[in-house]
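Reading through the structure tokens given below for one structure.
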Amino acid sequence: MGDEEKQVDNGSDTIINPSDGDQEYDIPVVTSIDDLPDEMDSDSSPSESPNPDIASSDEAIGVEDAPGGDRTASEHAAIQAYESKIAALAQEVESLKAHIEDRNLQYVRLGADFENFRKRTSKEREEQEERVKCSTVTELLPVVDNFERARSQIKPQTDAEMGIHKSYQGVYKQLVDCLKRLGVAPMRAEGVPFDPNLHNAVMREQTDAYEEGIVMEELMRGYQLGERVLRHAMVKVAAAPDPVIPSDENSEAQGEQE
1 MGDEEKQVDN GSDTIINPSD GDQEYDIPVV TSIDDLPDEM DSDSSPSESP NPDIASSDEA
61 IGVEDAPGGD RTASEHAAIQ AYESKIAALA QEVESLKAHI EDRNLQYVRL GADFENFRKR
121 TSKEREEQEE RVKCSTVTEL LPVVDNFERA RSQIKPQTDA EMGIHKSYQG VYKQLVDCLK
181 RLGVAPMRAE GVPFDPNLHN AVMREQTDAY EEGIVMEELM RGYQLGERVL RHAMVKVAAA
241 PDPVIPSDEN SEAQGEQE
């Protein structure tokens, strides 16, 4: 080293620091363990630091470690609190879902009940209209019967009578057309088997011209409104004739009686 000079002696090393001028420092040279100062106690524990600054720094580190543990415990408690809150909210959500599902089922039932009510009231209204219509038309049927009797029994002889006949027959035709528009239809009973749901048998006649139980004659016409019977047809029904007994059997029967 260019500017520094070292002088070595048996007792000490002298270092001249050029920055301090000519000041010299004596540094003892240790050549054996016996040369160590008496202040060094070999029995002192290495864990005990003679420097108070080091001890204070250790204490500071210990102080800082304690709050870290407290924060960990508080964070754990906060996590548990949040988990409990989440579980409570999840339970509340499930309860609300069940409540909503129950409400939806109630709405579905109410909708079905309303639809059934609407259909029932619509059907009842139609039936009521049908009953009123049947009652009104039934009152008009005797008028139709009178027109038909007049047409079959009255035979006009003069032009004036023919004019009157055409006049009331025009009214009859108009009435019949009105009944047809309402859905009224006459029954055709003659030549069909007797049906108690449609016919009212007022007479029975033994005959070979018709099979037993066949309607021979329609005495008063019946009418229907759709599937509903406004008036049953009054009819005469064919009955089987009595069996014919041969003449020989008749004589034998008379002899036995004598």
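In terms of our numbering, the sequence shown opens at residue 1 and continues consecutively. Backbone N, C-alpha and C define an ideal beta-carbon position, used for all residues, glycine too. Please read these numbers as outputs of a predicted model, since none were measured by experiment.
If you draw a straight line from the alpha carbon of residue i to that of residue j, how long is it in whole angstroms?
i	j	result
D242	E212	12 Å
K155	E115	60 Å
N200	E126	28 Å
R103	N197	51 Å
M234	D177	23 Å
G111	R120	14 Å
T158	N146	22 Å
I79	R71	12 Å
K173	K166	10 Å
L179	K123	23 Å
V108	M187	47 Å
L182	G191	27 Å
A87	R118	46 Å
S217	A238	Here the sequence assigns Glu to residue 217, which means Ser is not the residue at that position. So the two alpha carbons sit approximately 9 Å from each other.
R221	L105	56 Å
H76	A90	21 Å
H99	A81	27 Å
E227	V144	21 Å
E205	K236	7 Å
S74	S84	15 Å
E101	V93	12 Å
A240	Q153	32 Å
L96	K133	54 Å
Y210	A160	43 Å
I164	D208	43 Å
In the structure shown, what three-state DSSP assignment does residue i receive?
i	result
H232	coil
I262	Since the displayed the chain opens at 1 and closes at 258, residue 262 lies outside it and no answer follows.
Q224	strand
V192	coil
L259	Here the chain comprises residues numbered 1 to 258, so residue 259 is not present and cannot be evaluated.
P186	strand
A209	coil
D102	helix
K97	helix
K133	helix
D242	coil
In the DSSP assignment, what are the bridge partners of residue i?
i	result
R204	V237
H199	A233
Can you tell me the Cβ-Cβ gap for residue i and residue j, rounded? I've got them flagged as a contact below 8 Å.
i	j	result
T138	R231	7 Å
F194	V215	6 Å
A185	Q224	5 Å
V202	L219	6 Å
Q169	R151	6 Å
What first and last residue would you give for the alpha helix (DSSP H) that runs through residue i?
i	result
A160	159-181
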